[in-house]
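Reading through the structure tokens given below for one structure.
Number of protein chains: 2
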Amino acid sequence: MKLTKKERQHTLQQTIADTPFVTDDDLAKRFGVSVQTIRLDRMELSIPELRERIKTVAEQTFEDEVRSLPIDEVIGEIIDIELDKSGISIFDVREEHVFQRNKITRGHHLFAQANSLAVALINDELALTARANLIFSNPVQMGDRVIAKAKVSHRDKHRTTVEVMSYVEKTLVFKGEFEMYRSTFQLGEEN
Amino acid sequence: MKLTKKERQHTLQQTIADTPFVTDDDLAKRFGVSVQTIRLDRMELSIPELRERIKTVAEQTFEDEVRSLPIDEVIGEIIDIELDKSGISIFDVREEHVFQRNKITRGHHLFAQANSLAVALINDELALTARANLIFSNPVQMGDRVIAKAKVSHRDKHRTTVEVMSYVEKTLVFKGEFEMYRSTFQLGEEN
DNA sequence: CTCCTATTAGTACCTAGTGCTAGTAGCGGG
DNA sequence: CCCGCTACTAGCACTAGGTACTAATAGGAG
Numbered sequence: 204m205k206l207t208k209k210e211r212q213h214t215l216q217q218t219i220a221d222t223p224f225v226t227d228d229d230l231a232k233r234f235g236v237s238v239q240t241i242r243l244d245r246m247e248l249s250i251p252e253l254r255e256r257i258k259t260v261a262e263q264t265f266e267d268e269v270r271s272l273p274i275d276e277v278i279g280e281i282i283d284i285e286l287d288k289s290g291i292s293i294f295d296v297r298e299e300h301v302f303q304r305n306k307i308t309r310g311h312h313l314f315a316q317a318n319s320l321a322v323a324l325i326n327d328e329l330a331l332t333a334r335a336n337l338i339f340s341n342p343v344q345m346g347d348r349v350i351a352k353a354k355v356s357h358r359d360k361h362r363t364t365v366e367v368m369s370y371v372e373k374t375l376v377f378k379g380e381f382e383m384y385r386s387t388f389q390l391g392e393e394n
Numbered sequence: 204m205k206l207t208k209k210e211r212q213h214t215l216q217q218t219i220a221d222t223p224f225v226t227d228d229d230l231a232k233r234f235g236v237s238v239q240t241i242r243l244d245r246m247e248l249s250i251p252e253l254r255e256r257i258k259t260v261a262e263q264t265f266e267d268e269v270r271s272l273p274i275d276e277v278i279g280e281i282i283d284i285e286l287d288k289s290g291i292s293i294f295d296v297r298e299e300h301v302f303q304r305n306k307i308t309r310g311h312h313l314f315a316q317a318n319s320l321a322v323a324l325i326n327d328e329l330a331l332t333a334r335a336n337l338i339f340s341n342p343v344q345m346g347d348r349v350i351a352k353a354k355v356s357h358r359d360k361h362r363t364t365v366e367v368m369s370y371v372e373k374t375l376v377f378k379g380e381f382e383m384y385r386s387t388f389q390l391g392e393e394n
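Residue numbers (the working numbering), protein chains in the order written: chain S, 204 to 394; chain U, 204 to 394.
Encoded structure:
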């Protein structure tokens with residue numbers, strides 16, 4: 204038996220969300236209705252045409268790429284940064300970041316957020332972590348928003364020490380001291 | 204004065220690389236030639252049409268999204284383990300684990316491997332990292348195989364200390380001391 | 001029986017092209 | 001001076017994957 208309009212529209216929405224590169228023609232065949240019906244459905248649900256959907260996805264990538272040039276490969280979103288001084292990043296803990304059994308955030312994600320932020324802070328061509336001292340003071344649950352605050356505490360010719368404190372609400376959940384190695388040649392101008 | 208064919212084609216290639224969402228019409232106006240000339244240029248340079256370019260970018264994103272989900276559970280492959288005593292895991296460094304600029308492994312992947320191994324060693328329901336002391340003694344390149352060896356060095360009622368040494372060939376690249384917190388209630392069977 | 005909803009069919013038009021044929025402008029060689 | 005070559009331009013038919021619109025039909029509720 205065929206689906207009702209409501210059922211079909213609901214399924215349609217799901218199908219397009221899962222496989223956005225599908226044409227009206229494909230959909231019509233899949234649901235056993237005419238192309239026009241699919242078009243009416245899309246209109247009612249305000250789903251744009253295939254080309255617009257593809258374009259949106261592509262534009263997203265392009266924006267991401269442009270944005271990710273300087274603040275490259277960061278875990279968590281950097282919301283404020285002053286090079287060689289301080290920075291703040293946000294990391295929302297989702298399903299894939301926790302232990303399945305107890306829904307507690309796996310330590311390496313907190314480390315990754317803090318370490319990424321520390322790397323981003325360094326105003327040099329090359330920045331590598333040389334040493335780190337970590338304290339995981341409180342477990343972080345799924346759904347928590349972790350705010351990491353980093354501050355450069357010491358700096359000499361080749362080494363920069365960064366202190367990162369990560370909080371959920373007002374609670375300190377992680378503290379890390381990162382000794383970062385910098386390359387000698389500095390670029391000076393950066394954005 | 205106008206550009207020669209060679210100059211135009213070279214600039215065209217650059218322009219499309221920079222702004223892939225540009226139509227032949229736009230390009231024709233930009234270079235002061237006809238649309239047909241642009242089409243001939245694209246053919247000679249085997250540059251696909253706008254829609255194909257957009258589609259390629261979009262497909263890339265879509266694949267990336269799927270791929271980026273599982274930074275999951277155990278990082279690296281555990282090849283030997285004796286609970287509460289010692290363990291070994293292998294981690295092959297690929298493209299997605301390194302900094303784009305210098306192809307050096309990002310620190311959090313080495314941490315993740317070591318920390319995962321430390322967690323796996325603990326024969327308890329709940330194992331959380333409480334503290335860690337890390338030394339990244341040598342940079343790890345793309346393509347390297349990192350072998351992490353973990354050993355339990357100390358154990359009391361609630362805490363277990365695990366020492367992890369990671370090597371590429373015979374070179375120590377990472378050393379970590381993990382203080383792990385265990386839950387009291389033990390299950391015995393685990394994998 | 002009539003109104004309403006759901007669906008289908010068909011037309012004109014759009015964009016950003018491909019594929020093809022044909023024409024022109026300028027230049028060098030014989 | 002015409003011949004041939006390269007570079008460029010123009011036009012037409014056709015394509016996919018649509019939009020926008022009109023019209024027709026089937027089936028049920030009141």
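No residue lacks a Cβ here, since even glycine has one placed at the ideal position from N, Cα and C.
For Ile219/U, same chain residues with a beta-carbon under 7 Å away, outside a window of 5 residues either side, are Val225 and Ile250 in chain order. Setting aside the 5 residues that flank it on each side, Asp221/S has no residue in the same chain whose C-beta is closer than 8 Å to its C-beta. For His361/S, no chain U residue has a Cβ inside 8 Å of its Cβ, as the nearest lies near 14 Å away. Beta-bridge pairing by DSSP links Asp283/U to Ile291/U. Scanning its chain for C-beta atoms nearer than 6 Å, with the 5 sequence neighbours on each side dropped, one finds around Asn336/S the residues Glu380, in chain order. With the criterion set as a beta carbon lying under 7 Å from some beta carbon of chain S, the members of the region 333-363 of chain U are Ala333, Arg334, Ala335, Asn336, Leu337, Ile338, Phe339 and Pro342, in sequence order. Identification of chain U residues near Gln263/S by a Cβ-Cβ cut-off of 8 Å yields Thr264, ordered along the chain. The shortest CA-to-CA distance from Met383/U to any of Ser369/U, Val371/U, Asn326/U and Val343/U is the one to Asn326/U. Within the region 235-259 of chain S, those residues whose Cβ lies closer than 9 Å to any Cβ of chain U are, in chain order, Arg254, Arg256, Ile257, Lys258 and Thr259. Contact note: Phe314/U reaches chain S through His311 and Phe314, using a C-beta cutoff of 7 Å and chain order. The region 300-351 of chain U contains, as complete beta strand (DSSP E) runs of 3+ residues, the segments 330-339 (chain order). Leu320/U sits away from Pro342/S, with the two beta carbons spaced by 9 Å or more.
Listed in chain order, the non-local C-beta contacts of Ile284/U below 6 Å within the same chain comprise Gly290, local neighbours out to five positions each way being set aside.
In the three-state reduction of the DSSP assignment, Arg358/S falls in the strand class, which pools E and B. Contacts between Leu331/S and chain U, judged by CB atoms closer than 8 Å, involve Ile307, Gly310, Phe339 and Pro342 in chain order. For Asn318/S, the chain U residues whose Cβ falls inside 9 Å of its Cβ are Arg309, Gly310, His311 and Phe314, in order along the chain. Arg304/U sits away from Met345/U, with the two beta carbons spaced by 9 Å or more. Taken through DSSP and simplified to helix, strand or coil, Leu243/U comes out as helix.
With respect to chain S, the C-beta atom of Glu328/U has a partner C-beta closer than 9 Å. Burial is judged here by how many other beta carbons sit within 10 angstroms of a residue's own beta carbon; His213/U has fewer than 16 and is exposed. Here His311/S is buried, its C-beta having at least 16 other C-beta atoms within 10 Å. If you draw a straight line from the Cα of Val376/S to the Cα of Gln217/S, it is about 38 Å long. The beta carbon of Ser237/S sits closer than 7 Å to those of Ala231, all from its chain and outside the five residues before and after it, given in chain order. A direct Cα-to-Cα measurement between Leu248/S and Asp244/U gives close to 41 Å.
Collapsing the DSSP output to three states places Leu375/U in a strand. Distance from Arg348/S to Ile293/S at the Cβ level is roughly 6 Å; contact confirmed, criterion being Cβ atoms closer than 8 Å. Rounded to the nearest whole angstrom, the C-alpha separation of Glu210/U and Ile241/U is 13 Å. According to DSSP, Val365/U shares a beta bridge with Val355/U and Phe381/U.
Looking from the CA of Tyr370/S, the closest CA among Thr264/S, Arg254/S and Ile338/S belongs to Ile338/S. Straight through space, the alpha carbons of Val367/U and Leu313/U are spaced by roughly 11 Å. Here the alpha carbons of Gln239/U and Asp228/U stand approximately 9 Å from one another. Taking the CA atoms as reference points, Ala353/U sits about 10 Å from Val322/U.
Within its own chain, the residues whose Cβ lies closer than 6 Å to the Cβ of Leu215/U, once the five positions on either side in sequence are excluded, are Asp244, listed in chain order.
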